[in-house]
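Per full-length UniProt numbering, residue 1 is the first one in the sequence shown, and the count goes up by one each step. Have a look at the structure below before the remarks.
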Amino acid sequence: MGQQLKILGRTSSINVRKVLWTCQELEIAYEREDWGIGFASTHDPEFLALNPNAQVPVIIDENGVLWESNTICRYLVGKHGGNDLLPVEPAARARIEQWMDWQATELNPSWGYAFHALVRKNPEFQDPQRIAAGVKGWNEKMGLLEDQLSRTGAYVAGADFSLADVLIGLSVHRWRQTPMERPDYPAVAAYCKRLEPRPGFAEWASDAHS
């Protein structure tokens, strides 16, 4: 038996919650320690020795230390045989991974300024023009997701729930809960209804962790 998985990171981090929801889908036992805003500093030497980027999450198991949330999720799926979440076949896998990477490189950056201003109430993020630009950019990215969900009529990468839905489901919840003007995207709303019965969505998309 290998070492029990340890997860370092606060549950208010959407990237930590990606990993926690993935663990729930795979029924992985773990222990978690709070690190980050409001808890132990990720700039402490102890943490920097694990992740020099000073970011959560970090995981530790019998294979060592790993950081970067999407990579962690891929690793856990591969280690625990979650081929229903992320297939081995290259084309099917790539269609899921392109949306995972889109979430990390396109969708996530679009909300940064607006989210810190409107939800975190960070005094360093209070430029009205930049807030407006952030809201506009965020809504535009969500419009791309609306188009994709309109095509699939189900989940992000097709007819079946996948690892891309763990990542993007959390992002969609954050968008819907941020106090701002947003378009009426019926396919996104229907998508959320499809996610609601999943215990991982109910737990980790909860406002208690926002």
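Even for Gly, the Cβ is constructed at its ideal location relative to N, Cα and C. Keep in mind that this is a model prediction, so the values were computed, not measured.
Check                                                                                                                                                : Outcome
To the nearest angstrom, report how far apart R151 and K141 are at their CA atoms.                                                                   : 16 Å
Below 8 Å on the Cβ atoms is my guess for C73 versus K6; work out the distance and round it to an integer in Å.                                      : 16 Å between Cβ atoms; not a contact.
Our contact map puts A29 next to Q4 with C-beta atoms below 8 Å; I'd like the distance itself, whole angstroms only.                                 : 6 Å
Using 8 Å as the Cβ pair cut-off and three pairs as the minimum, do the region 172-183 and the region 130-139 touch?                                 : yes
In the DSSP output, which residue or residues are listed as bridge partners for G64?                                                                 : D61
In this structure, does DSSP put A40 in helix, strand or coil?                                                                                       : strand
List the endpoints of the continuous beta strand (DSSP E) containing M31.                                                                            : Before going further, note that residue 31 is Glu rather than Met in the sequence given. E31 -> beta strand (DSSP E) spans Y30 to E33.
Could you check which residue in L8, E196, G38 and G82 has the C-alpha nearest to that of R120?                                                      : G38
For K6, which of helix, strand or coil comes out of DSSP?                                                                                            : strand
Is the distance from the Cβ of F125 to the Cβ of A133 below 8 Å?                                                                                     : no
Please list the terminal residues of the continuous alpha helix (DSSP H) segment that includes P45.                                                  : P45 to L48
Can you give me the Cβ contacts of Y191 inside the same chain, cut-off strictly under 6 Å, excluding the 5 residues immediately before and after it? : L149
Across which residues does DSSP place Y155 in a beta bridge pair?                                                                                    : G158
Report the CB separation of V166 from W21 in whole angstroms; it is logged as a contact under 8 Å.                                                   : 5 Å
What residue does the alpha helix (DSSP H) around D165 start on, and which one ends it?                                                              : L163 to Q177
Specify the secondary structure class of A205 as computed by DSSP and reduced to three states.                                                       : coil
So, at 6 Å on beta carbons, what are the nonlocal neighbours of E33 in its own chain, with the 5 sequence-adjacent residues on each side left out?   : L8
Using only alpha-carbon positions, find the residue among E25, A159 and D127 that is nearest to H80.                                                 : E25
Measuring CA to CA, which of N53, A157 and S69 is closest to R95?                                                                                    : A157
Rounded to a whole number of angstroms, what is the C-alpha to C-alpha distance between L86 and D160?                                                : 11 Å
Rounded to a whole number of angstroms, what is the C-alpha to C-alpha distance between S206 and R194?                                               : 16 Å
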